[in-house]
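Here's the structure, in structure tokens; my notes come after.
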Amino acid sequence: MTTEISVSSLTAPRTAAAAGPTGSSGTSRADNGTLDKQAFLELLVAQLKNQDPSSPMDSSNLMTQTTQLSSMESLEALRKTSTEQYALQMRMAGASLVGRQVSWTAADGTTTSGLVSAVSYSAGTPKVTVGTATLGLDEVTTVTTATTA
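Just add 370 to wherever you are in the sequence shown, counting from 1, and you've got my numbering.
See the structure below:
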């Protein structure tokens, strides 16, 4: 006697509404179809609930899956920390340009330079203000110490 277990609801892409609210644990499903923490746990619970009592899951299999979950959580925490560190590094880089002379290539192809007077942190990438121009950090081509006349 074979028992079929439907796991299509676990492996099918979930919408944001079906996934429920997401917290800091990062349990939302990625758009690329990979399993997230919540889906992994749901699949593991479904396996345990529907296993044949006369032939239960091998304990080494369970340990392997638990280890995979732990590894996945650790990698997610590492990714989050790396993202936060990168954002902080970008903020520090922007702040370090205040009072410095920078150069950039304007839309018409000319090289323009000026003194950075401010930095703003909206929309992810820091932007520096040079006179009336606002530049992303990736637009700056040269940084020098400001010269006094």
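A virtual CB, placed ideally from N, CA and C, is assigned to each residue, including glycine.
Bear in mind the structure is a predicted one, so any value in this text is a computation, not a measurement.
In terms of residues, what are the limits of the beta strand (DSSP E) holding residue i?
i           : result
residue 506 : 503 to 506
residue 512 : 510 to 515
residue 475 : 470 to 475
Which residues does DSSP pair with residue i in a beta bridge?
i           : result
residue 498 : 489, 505
residue 483 : 473
Report, in whole angstroms, the separation of the C-beta atoms of residue i and residue j, which I expect to be a contact under 8 Å.
i           : j           : result
residue 471 : residue 502 : The pair is not a contact, with the Cβ atoms about 16 Å apart (cut-off 8 Å).
residue 487 : residue 473 : That pair is no contact at about 15 Å.
residue 468 : residue 500 : Going by Cβ atoms, the distance from residue 468 to residue 500 rounds to 11 Å, so no, they are not a contact pair.
residue 410 : residue 433 : Incorrect: roughly 15 Å between the Cβ atoms, too far for contact.
residue 427 : residue 438 : Going by Cβ atoms, the distance from residue 427 to residue 438 rounds to 14 Å, so no, they are not a contact pair.
Grab me the residues of residue i's own chain with a C-beta within less than 7 Å of its C-beta, minus the 5 sequence neighbours each way, in chain order.
i           : result
residue 435 : 414
residue 506 : 495, 497
residue 391 : Bear in mind that a pLDDT of 44 at residue 391, under 50, signals an unreliable position, so the number given afterwards is only what the model happens to contain. Hits under 7 Å: none found.
Who are the near neighbours of residue i in its chain, counting only those whose CB is closer than 8 Å to its CB and skipping five residues on each side?
i           : result
residue 510 : 467, 472, 473, 474, 498
residue 515 : 470, 471
residue 477 : none
residue 504 : 490, 497, 498
Identify the continuous alpha helix (DSSP H) that holds residue i and give its terminal residues.
i           : result
residue 415 : 407 to 419
residue 427 : Here residue 427 belongs to no alpha helix (DSSP H), and DSSP marks it neither H nor E.
Take residue i and list the residues in its own chain whose beta-carbon comes closer than 6 Å to its own, dropping the five residues that flank it on each side.
i           : result
residue 513 : 470, 472
residue 393 : Reliability fails at residue 393, whose pLDDT of 44 lies under 50, so the model's placement of it is uncertain and the value that follows must be treated cautiously. Around residue 393: no qualifying Cβ.
With a threshold of 16 other CB atoms inside 10 Å of the CB of residue i, please say whether the residue is buried or exposed.
i           : result
residue 464 : buried
residue 406 : buried
For residue i and chain B, any beta-carbon pair shorter than 8 Å?
i           : result
residue 478 : Among the chains of the structure shown, chain B does not appear; only one protein chain is present.
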